[in-house]
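Written out below as structure tokens is the structure these notes cover.
Number of protein chains: 2
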Amino acid sequence: MNAEIVAVGSEMLTPERVDTNSLYLTAELNNLGVEVVSKYVVGDHLELLASAVRLALSRSELVILSGGLGPTEDDLTRDAVAAALDRKLVYHPEIAEALEQRFARLNRKMAEVNKRQAFVIDGATILPNDRGTAPGQWVEESGAVVILLPGPPHEIKAMFERQCLPRLTRLVPQQVIRTLELRVAGMGESDLDQLIAPVYKKYQNPATTILAGAGDIQIHFRARCDTQAEADALLCEVSGPIEVLLGDRIYSRTSESIEAVVGKLLLERNATLTVAESCTGGLLGERLTSVPGSSEYFLGGFITYSNALKTELLGVPLEMLAEHGAVSKPVAEAMAEGARRRAHSTYALSITGIAGPGGATEEKPVGTTYVGLANANGTEVLHRQVLGDRARIRMFASQLALDFLRRKLSSTKV
Amino acid sequence: MNAEIVAVGSEMLTPERVDTNSLYLTAELNNLGVEVVSKYVVGDHLELLASAVRLALSRSELVILSGGLGPTEDDLTRDAVAAALDRKLVYHPEIAEALEQRFARLNRKMAEVNKRQAFVIDGATILPNDRGTAPGQWVEESGAVVILLPGPPHEIKAMFERQCLPRLTRLVPQQVIRTLELRVAGMGESDLDQLIAPVYKKYQNPATTILAGAGDIQIHFRARCDTQAEADALLCEVSGPIEVLLGDRIYSRTSESIEAVVGKLLLERNATLTVAESCTGGLLGERLTSVPGSSEYFLGGFITYSNALKTELLGVPLEMLAEHGAVSKPVAEAMAEGARRRAHSTYALSITGIAGPGGATEEKPVGTTYVGLANANGTEVLHRQVLGDRARIRMFASQLALDFLRRKLSSTKV
């Protein structure tokens, strides 16, 4: 089965925006064995949209639209698909009522325009939206399926997963696609590729894709076979030697984030964590607490952006700051120790660095980063020179800290 | 003049890749006054590609393709455009010769497949490529233009700038595009649209686009006129009444983030800020410090994820936590006051809430959020019920806090 994806919205035709919903949809469709053969971004324009839908339907069995289901007059997806299929739009008072109740629960009155969202293409199945006001629609048309989904990422994901996946699974001929993902920290992309390319280049199936973030690399393998056993055997054949080559630089084989991996390691060891952040300003804490249930091991932390707070909250000696500067090994050490002492945690991580663009000196260029890790046995400090802009340096620094702790925890017994 | 952009290549139909050439092309076209009304990503497939080109040509005067001009059998752009225009491909021995010389200069022998790159659509102008092997093509067809460009970003940019811009400038009627962006906090998308639609709906030009994030809305106006003065006058005509309607809910007219706006207000008032975060775990600090130079006004903060740290670091009374719970008005108040007192800042913001998925009770559902703001005159607390998943609730909560402070600062004298 082939699919085409249409992202609706003039804002995605500006020089600043890309459509990212289609990436999520593509991953989900590929898992089902469905190939995406074309993608479109179309502005809020009835005729352009309708003709894109007609073209997609003329050649593919599945057409998925995202966006343009809102309450405003710019939201034309309903009308355009109805036009492309030559069907009417039918007003569903029960949708309008449910919307009114939703607003009432929030103690708000529904705006009259929201009634536009109660129009459904004749013959379509309504897909409830429990995360927003725009219901989705599932329309079958002579063997093909057109799906209308809302644009906001958290809405489209929930609706696709709950409403569309089960229906599509029934429709799609069984082929098996199995994937494996390795996540790697502490290595550059070109070094990694040089190391593992001799292995994966030998195989067309599984297909291998390498994605690099700030201090974080994902290796995706995708095998497509008639049976699950075949696919799994192929995945093993390729990933086995690569896992040996990469060793403990692999932090996850299950798509888990490094935040979640660190959280599990802490939990298993009954250990707690505090952070002391300077240049990252809260990013490390934010990442750790993005994991639901992180309150089980994460106590909190100190954002000591100013030198005064480093001294006052963490006990970093004034003379140390004067002698070595805030971005230095002794200060990273003192920050981690201070955070651990004040918060009574098993571990404490500290970050101090120069994220730029200002603040650099000759000896300490933009990107200079120190990460401290304290526990009952003492404190270690890592020093790295990070490349990139402010956002990348901060993300890289938080990644260094998480990986530092991960390695430490992995080497200690449960 | 309207344009459509077709990115060619199956690799851009994977879950990991997006087409970014079109962003560069869009910016350049907009500068010429050309609107991009549709974008496509099409795999390496002759028929799909040809039909996309046919559709684009049926409605727009300019169609630009990027990629698929390489030497392999997967590179089908030449063939597809020739098919769409019903023209022949003509072999140009002089292109093949130039390629052979290029390879010779690198002391390499040209592979036979590279001769594929010497085929040109009948009647097309050849666009030389001084950065790679694939020449581009410029084809005119009954008033419309189709341009074939190579895929690698440094090749497409050089070729577009040197070969296409001068030609397009001659073709495109001189027009000016001017834009204005308003950023709004503290309002839902549908409420906002209901309020301002009666104004902007009266105008096709400027075009108005509304983009909604978590507690953050951007309104983009784009005017297209013969002269800059006309365009600016039109922008004023539409945005003026809208600015009056939205009043102080507008936090920026210059695409500035709310973090940056708050930073400027603090700086002007010579004021400093600290944060005390529970459910956001550092996100508020992270956002504030994403602004270069934020150390001028941001001192730091407290991530008090555990109740123990709320008491120990911020002095929130144990009895208060027991009686009201950590997510409550008095605790938000005590957190803000504690942070301000301990860090000696002019202002302190606190956030406590239930980001979910766990932790909810009957009286305090997921999304319950309190934001505290303390200064020398006392402490105010805002209570909101936020919808969405963990990530959205946390982002919304940080937005509420930033906007709360922005309003407070705007109402105090410099």
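From first to last, the protein sequence lines are chains H and E.
So the first sequence is numbered by the numbering used here: it starts at 177 and just counts up by one.
So the second sequence is numbered by the numbering used here: it starts at 177 and just counts up by one.
Using N, Cα and C, we set each Cβ at its ideal position, and we do this for glycine too.
Find the residues of chain E that neighbour residue i, judging by a C-beta separation of less than 8 Å, and give them in chain order.
i	result
H/T385	T190 and E192
H/V451	G458 and I479
For chain E, is any of its Cβ atoms less than 8 Å away from the one on residue i?
i	result
H/T631	Examination of residue 631 of chain H is not possible in this model, given that chain H is present from 177 through 590 alone.
H/R583	no
H/E462	yes
H/G465	Reading off the sequence shown, one finds Thr at residue 465 of chain H, where the question assumed Gly. Cβ-Cβ to chain E under 8 Å: yes for H/T465.
H/E276	no
H/E432	no
H/A498	no
H/L224	yes
H/A228	yes
H/V218	yes
H/E270	no
H/N206	yes
H/A203	yes
H/E187	yes
Mind checking if residue i is an interface residue toward chain H, Cβ cutoff 8 Å exclusive?
i	result
E/N197	no
E/H330	no
E/T248	no
E/D251	no
E/T537	no
E/L231	yes
E/L241	no
E/D255	no
E/S428	no
E/S586	no
E/Q575	no
E/L485	yes
E/A519	yes
E/Q351	no
Report yes if the C-beta distance between residue i and residue j is below 8 Å; otherwise report no.
i	j	result
H/L324	H/Q313	yes
E/V213	H/L224	yes
E/L238	E/V321	yes
E/L201	E/I181	yes
E/L368	E/E317	no
H/V503	H/T522	no
E/T456	E/S586	no
H/A361	H/D408	no
E/L485	H/L475	yes
H/V194	E/L558	no
E/E435	H/E462	no
H/Y216	H/A203	no
E/V420	E/F397	no
Listing by chain order, which chain H residues have their CB less than 9 Å from the CB of residue i?
i	result
E/Y379	Within chain H, no residue comes near E/Y379; the closest Cβ sits about 13 Å away, beyond 9 Å.
Chain E partners of residue i, CB-CB under 7 Å?
i	result
H/P533	P468
H/H221	V213
H/F474	Y481
Determine which residues share a DSSP beta bridge with residue i and list them.
i	result
H/D392	H/A361 and H/G389
E/N178	E/E211
E/L371	Bridge partners of E/L371: none, in fact.
Might you give, ordered along the chain, the residues of its own chain that have their beta carbon closer than 7 Å to the beta carbon of residue i, omitting 5 neighbours on each side?
i	result
H/G514	A452, L490, G491 and V492
E/M286	L275, E276 and F279
H/A388	E365
E/D424	R583 and S586
H/P328	G308
For the ligand ADP, is there any heavy atom lying closer than 7 Å to the beta carbon of residue i?
i	result
E/D402	Looking at this structure, you won't find the ligand ADP or any other ligand, since it has none at all.
Among residues of its own chain, excluding the 5 on either side of residue i, which ones have a beta-carbon nearer than 8 Å to its beta-carbon?
i	result
H/T555	E509, A512, E513, G548 and L549
H/T253	V184, L225, L241, G243, G244, L245 and L324
Can you name the residues of chain E whose CB is closer than 9 Å to the CB of residue i?
i	result
H/N446	Those do not exist, as H/N446 stays about 15 Å from chain E at its closest Cβ, beyond 9 Å.
H/A567	S466
H/L344	Per Cβ cutoff of 9 Å: no residues; H/L344 is ~16 Å from chain E at best.
Go through its chain and collect everything with a Cβ distance to residue i's Cβ below 6 Å, but skip five positions before and after it.
i	result
H/I395	L358 and I386
E/V562	G543, T545, I569 and F572
H/L410	P382 and A399
H/P247	V289, N290, R292 and Q293
Just the chain H side, please: which residues come within less than 8 Å of residue i by C-beta, in chain order?
i	result
E/A373	T248, E249 and V289
E/D262	Result: empty, since nearest Cβ-Cβ is about 18 Å, beyond 8 Å.
Cβ of residue i less than 8 Å from any chain C Cβ?
i	result
H/F397	Looking at the structure shown, chain C is missing, and the protein chains on hand are H and E.
Using a cut-off of 7 Å between C-beta atoms, extract the partners of residue i located in chain H.
i	result
E/G564	R307 and H330
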